[in-house]
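Visitor:
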Amino acid sequence: MLNALEVVTTVIVGLMVGVEFSVAFIMNRILNALPEDSAQLGHAHGGRMLGALMPFWYIGSLVLSAIWAVAGWHHRGAGLVVTAAGLLIVSVVMSMLLLVPINNRNKTWTPDNRPADWKQQLNRWGRYHYVRVAVIIAAFTLLVIALT
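Each position in the sequence shown, counted from 1, maps to that position plus 11 in our numbering.
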């Protein structure tokens, strides 16, 4: 049963990393290359879509990692799993304090009501997101190493 938990947790965290990596290095670049109104509308739509899904994915990944850490406490690699869970906590806290407030504003913007500094706000979100991606990549890497 522990083996199944380890694999499921690693796959779910890995998929989350893939989505967030894609947002950071592919989707944002595609959206930013669109004309201004289309770019802003695309960011707002993406914020609504992923903003509804990612909280469950982040919390679910954290919960699975915590269960793995507890269930595998006396097994090899437990310290790596605890550290990975700690990094996932950091990613959730970062999200709540830094990224979600910007996203909550962004997802309501239209070309008619967006603030003058909307691009700067999205750039700030992007910088925070790069750091969050690095944090979850580190957590994923530790989970993969803990499997061996």
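Just so it is clear, CB atoms sit at the ideal spot from N, CA and C, and this is done for glycine as well.
1) Using a Cβ-Cβ cutoff of less than 8 Å, which residues in the same chain neighbour residue 105 once the five nearest sequence positions on both sides are dropped?
2) Can you tell me where the alpha helix (DSSP H) holding residue 75 begins and where it ends?
3) Check whether the region 50–59 touches the region 107–126, counting contact only when three or more Cβ pairs, one atom from each stretch, lie closer than 8 Å.
4) With DSSP collapsed to three states, give me the class of residue 121.
5) Apart from the five residues just before and just after residue 132, which ones in its own chain have a Cβ nearer than 6 Å to its Cβ?
6) Leaving out five residues before and five after residue 50 in sequence, what residues of the same chain have Cβ atoms less than 8 Å from its Cβ?
7) With the cut-off set at 8 Å, would you say residue 158 and residue 17 are in Cβ contact?
8) Apart from the five residues on each side of it in sequence, which residues of its chain come closer than 8 Å, Cβ to Cβ, to residue 13?
Guide: Taking the definition as stated:
1) 139, 142, 143, 146
2) 47–82
3) yes
4) coil
5) 113
6) 42, 43, 44
7) yes
8) 79, 82, 83, 86
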